[in-house]
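Take 1 as the starting number for the sequence shown in full-length UniProt numbering and just add one per residue. Note sheet for the following structure.
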Amino acid sequence: MKSMVILISGRGSNMQALLKAGLPVAAVISNNPTAEGLAFAREHGIPAHAIDHHAFPDRKTFDNALAEIIDSYQPHLVALAGFMRILSETFVDHYQGRLINIHPSLLPAFPGLDTHTRALQEGVKIHGCTVHFVTSQLDHGPIIIQAAIPVLADDTPATLAARVLTQEHRIYPQAANWFLQGQLTLTENHVETGMACDSQKVLY
Ligand code: GAR
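In structure tokens:
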């Protein structure tokens, strides 16, 4: 049976969506020992590890220790779900083609933080979220699936974030499921899907 490991840093609502979708989650790991998501994972019988990055002298040492825990589960897929640490090139290369991320914007627009505030400041009329394969460039990498929503005249960063999050919880399990079913591969930095899928549609 193919399996996945999820990396979180906080609330873990995307992790919950992946678990609720019935995906085979071998373990959840957080760089933040107080991440709320760890308790949810444990309550659902999923091994949950905290590995505090503050306890390591540098990024490389932390990434090596993180990879050691991940690899002890031999997962087919590693999913970043609100994992707010930049990962070293060595780490990313080690998981090339099986490391995915969810980001709260329609990439390549608004990489980085505060995506909803920036979308409102720029006056965009369409916003959304993206699941992509991870490369060493932050919030870049081949796009797997996106969901778009209209920006409403009275939106605040909070209302926009809430509607985008609903879409995140829909498309992240979809992408992970494609991968674990062998219907999604990264080839020469292009995403190939082996099925008729809805990844090209704009959904809201
Ligand atoms: C989500 O909105 C996710 O897209 C975002 O952090 C939030 C985590 O929420 N990730 C990034 O910004 C990564 N660049 P969650 O812990 O409830 O899943």
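Glycine included, each C-beta is placed from N, C-alpha and C at the ideal position. In this text, all values refer to a predicted model and were calculated from it rather than measured experimentally.
Query raised in the report: Taking C-beta to C-beta, are residue 50 and residue 32 nearer than 9 Å?
Result: yes
Query - Cβ distance (whole Å) where residue 123 is taken to contact residue 146 below 8 Å - result: In fact, because the Cβ distance is near 20 Å, the residues do not count as touching under 8 Å.
Query - Opening and closing residue of the beta strand (DSSP E) in which residue 133 lies - result: 126-133
Requested in this report: Could you tell me whether any non-hydrogen atom of ligand 1 is closer than 8 Å to the CB of residue 11?
Outcome: yes
Query - residue 4 vs residue 25 beta-carbon contact at 9 Å - result: yes
Query raised in the report: At what residues does the alpha helix (DSSP H) containing residue 164 begin and finish?
Result: 157-180
Query - Which listed residue (178, 91, 183, 185) has its alpha carbon closest to that of residue 21 - result: 178
Query raised in the report: Going by DSSP, which residues form a beta bridge with residue 5?
Result: 27, 78
Query raised in the report: Does ligand 1 have even one heavy atom less than 8 Å from the beta-carbon of residue 83?
Result: yes
Report task. Name, in chain order, the residues that DSSP records as bridge partners for residue 146. Result -> 130
Query - Through-space distance from residue 87 to residue 70, alpha-carbon basis - result: 14 Å
Query raised in the report: Under 9 Å between the Cβ atoms of residue 126 and residue 191?
Result: no
Query - First and last residue of the uninterrupted beta strand (DSSP E) at residue 100 - result: 99-103
Query - Continuous beta strand (DSSP E) stretch holding residue 190: start and end - result: 190-193
**Report entry** Spatial distance of residue 77 from residue 66 (CA atoms)
**Finding:** 15 Å
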